Amino acid sequence: MAKLNSYKFKGIGASSGIAIAKVFKLVEQKIEISDQKVEDISTEIQIFEEGVKKSVSQIEKIKKLATKLAKDELEILDAHILIATDPVLKEDTINLIKQGYSAAYSLKETAKNHTNFLLETGDEYLMARATDIKDASQRIIKNILNLNILDLSAIDKDVIIVADDLKPSDTAQLNSYVKGFATNIGSKTSHSAIMARSLEIPAILGVSDILEKVENDDILAINGDLGYGIINPNQEEIEEFERQKANFEAEKEKLQEFLNKKATSADGKKVVIAANIGSVEDSYAAKKVNADEIGLFRSEFLYMDRSNWPSEEEQFLSYKAVIESQNPKKVVVRTLDIGGDKTLKYFDFAKELNPFLGYRAIRLCLDKLEIFKTQLRALVRASEFGNLAIMFPMVASLDEFFQARAVFDEVYNQIKAKYPNVAPKSNIKIGIMIEIPISAILADKFAEHVDFFSIGTNDLIQYSFAADRMNEKVAYLYQTLNPGLLKLIKMTIDAAHAKGKWVGMCGEMAGISMLYRFY
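Counting from 1, position 221 in the sequence shown corresponds to residue 221 in the UniProt record's numbering; the numbering is continuous, with no gaps.
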């Protein structure tokens, strides 16, 4: 391939920073696995189990070497161990082996089915989890086939890694010689992106064909904040990147002094910066950057990528870990919000013409009361360990809120009788998410009964304009500064404040700092 000169590219800036170094191409070894039948079933099962055991041992070794990672980042590797030893993955794989397929083929097919399920949800967070299953299963397959596994910790010169996809177990091995990475695929919510941010390595993901465009020892310059880079930059471009890097490092040093200070505008207006999380691990990351509180814990992720409903005890332990880690800061937990693009493989969603406007969120919970009550029991029990607020999603009428509140009251009284140390009922604030236009219009009525609102701006925009935010053909309608939309938001805020209630905001609009005066 001809050497590219000063070729510019754009991707997703997944981890801040600026780097200039030679390319290290990480090319994933292609593994051809035949579906040819085997005769010795018991031997294949043994080979599979030994492959799992060896893989777990390797991941444990990576954990010990990953000294720069914080506790929560190391738990990502623990998640890989959980995937490798997952009883459902094991059962499905062994079932295929019993049908006469090899251990490697059986695991490949099982992992493909599990990852396809997550990818088909269309949810960015769950799609990122598919990478973890792929990573863990590929390691096991390589061990089954006795193939070499590259040790990235052995890199001994300054490089920027370029790969199709950099797996979390790869990222955990990166040493100080690795100055950054760029990949063909990936997202901001992937575990690799999380680890890159922890290690403070600049990363650009989702760069189409980047692996095919570079050669080892090409010079690469990347800007992880803006998500762009240059292959073989000229001298002028190198000097510009070096200037940007010096400015970035100076700004980073300056910002350290603000880490433990409250966010206040130049005119003295205080702003609460809350974290949006989907797991216990995310709550540790929020604590690390000193988030003021947890503004949204998306509890649906506790229900996904598993084969059955999470028990009360499982949920309790997760909620307890998050609430306890943040105490005395507030944790707002959104109750189960499934339906639409978030499905469960163990729950049969009836086919709907428009699932985003159908059987989902609070509507489903009020219909499946035992599922709803199990979650509320776990939440009330966890209230003993910190500052809990509970939020109901997709509430479209006062009647829905009254029903949900009545279920909470019933559950609270039952749990209080059994666990006397739970928080007083008045301490557990109950609110709703404003994401349907009718709820914003009726905000003054809701404000008489709820403790708080949280405005879900992404869905509020989608439902206000009747435009699917994932459909590129109607993307022009996704107008965050439309006067009608701003009026809905202002109505909601004014209605809450008139009753002395607080309002949170999540979604894309929460990050538009210029709007703070309007709110």
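Note that CB positions come from ideal geometry on N, CA and C, so glycine has one too.
Only a predicted model underlies this, so the values are computations on that prediction, with no experimental measurement involved.
Provide the residue(s) that pair with Met454 in DSSP beta bridges, ordered along the chain.
Sequence inspection shows Ser at residue 454; the Met mentioned does not correspond to that position. Answer is Met433 and Gly504.
Host alpha helix (DSSP H) of Ser325 (start-end)
Glu312 to Gln326
Mind checking Lys291: buried by the 16 CB within 10 Å criterion, or exposed?
Checking the displayed sequence, the identity of residue 291 turns out to be Ala instead of Lys. Per the 10 Å Cβ criterion, buried.
Return the CA-CA distance between Asn354 and Asp468, expressed in angstroms with no decimal places.
The C-alpha of Asp468 is placed about 11 angstroms away from the C-alpha of Asn354.
Where the alpha helix (DSSP H) through Tyr105 begins and ends
Ala103 to Glu120
Which residues share a DSSP beta bridge with Val332?
Ala389
Between which two residues does the alpha helix (DSSP H) carrying Ser15 extend?
First-last for Ser15: Ile12 to Ser15, but that is the beta strand (DSSP E), not the alpha helix (DSSP H).
Which term fits Pro310, buried or exposed, when burial requires 16 or more other beta carbons within 10 angstroms of its beta carbon?
buried
Buried or exposed (CB count within 10 angstroms, at least 16 for buried), Gly500
Answer is exposed; the Cβ neighbour count stays below 16.
Please confirm if the segment 274-293 is in contact with the segment 316-333, defined as three or more CB-CB distances below 8 angstroms between the two stretches.
Enough Cβ pairs lie closer than 8 angstroms, so yes.
Please state whether the Cβ-Cβ distance between Gly13 and Asp225 is less than 8 angstroms.
yes
Extent of the continuous beta strand (DSSP E) to which Ile338 belongs
Run containing Ile338: none; DSSP gives neither H nor E here.
Using 10 angstroms around the beta-carbon of Thr457, count the other beta-carbons present and answer buried if the total reaches 16, otherwise exposed.
buried
If contacts are defined as beta-carbon pairs under 8 angstroms, then Met391 and Arg363 qualify, I think. What distance do you get, rounded to the angstrom?
A Cβ-Cβ distance of about 15 angstroms is found for the pair Met391 and Arg363, leaving them out of contact under the 8 angstroms criterion.
N-terminal and C-terminal residue of the alpha helix (DSSP H) that Glu293 is part of
Element bounds for Glu293: not the alpha helix (DSSP H) but the beta strand (DSSP E), Glu293 to Arg298.
Cβ contact (3+ pairs, closer than 8 angstroms) linking the segment 49-66 and the segment 134-149:
The segment 49-66 is in contact with the segment 134-149.
Can you tell me the Cα-Cα spacing of Ile238 and Lys245, whole angstroms?
The straight-line gap from Cα to Cα measures roughly 10 angstroms.
CB of Asn260 to nearest heavy atom of the ligand NAD: below 7 angstroms?
The ligand NAD is absent from the structure shown, which contains no ligand whatsoever.
Inter-residue Cα distance where the pair is Ala104 and Ile97
Approximately 9 angstroms, taken between the alpha carbons.
Looking at C-alpha atoms only, which residue of Phe356, Leu317, Ile41 and Lys342 is the closest neighbour of Val380?
Leu317
Any chance the segment 475-492 sits against the segment 369-383, with 3 or more Cβ pairs inside 8 angstroms?
no
In angstroms with no decimal places, state the Cα-to-Cα distance between Gln414 and Arg377.
Cα-Cα distance, rounded: 9 angstroms.
Per DSSP, which one or two residues make a beta bridge with Ile219?
Lys22
Could you say which of Phe117, Lys108 and Asn148 lies nearest to Lys54 if we only look at CA atoms?
Closest by alpha carbon: Asn148.
Bridge partners of Asn276, per DSSP?
In DSSP, Asn276 forms a bridge with Leu296.
What span of residues does the beta strand (DSSP E) with Tyr228 cover, start to end?
Tyr228 to Ile231
Less than 6 angstroms between C-beta atoms, sequence neighbours within five positions excluded: which residues of the same chain meet that for Gly358?
Glu352
How would you call His114, buried or exposed, if buried means at least 16 neighbouring beta carbons within 10 angstroms?
buried
Residues in the same chain with beta-carbon distance under 6 angstroms from Ile434, minus the five sequence neighbours each way, listed in chain order, please.
Ala440, Phe453, Ile455 and Thr492
Whole angstroms are fine: how far does the CA of Glu251 sit from the CA of Thr93?
One C-alpha to the other measures close to 51 angstroms.
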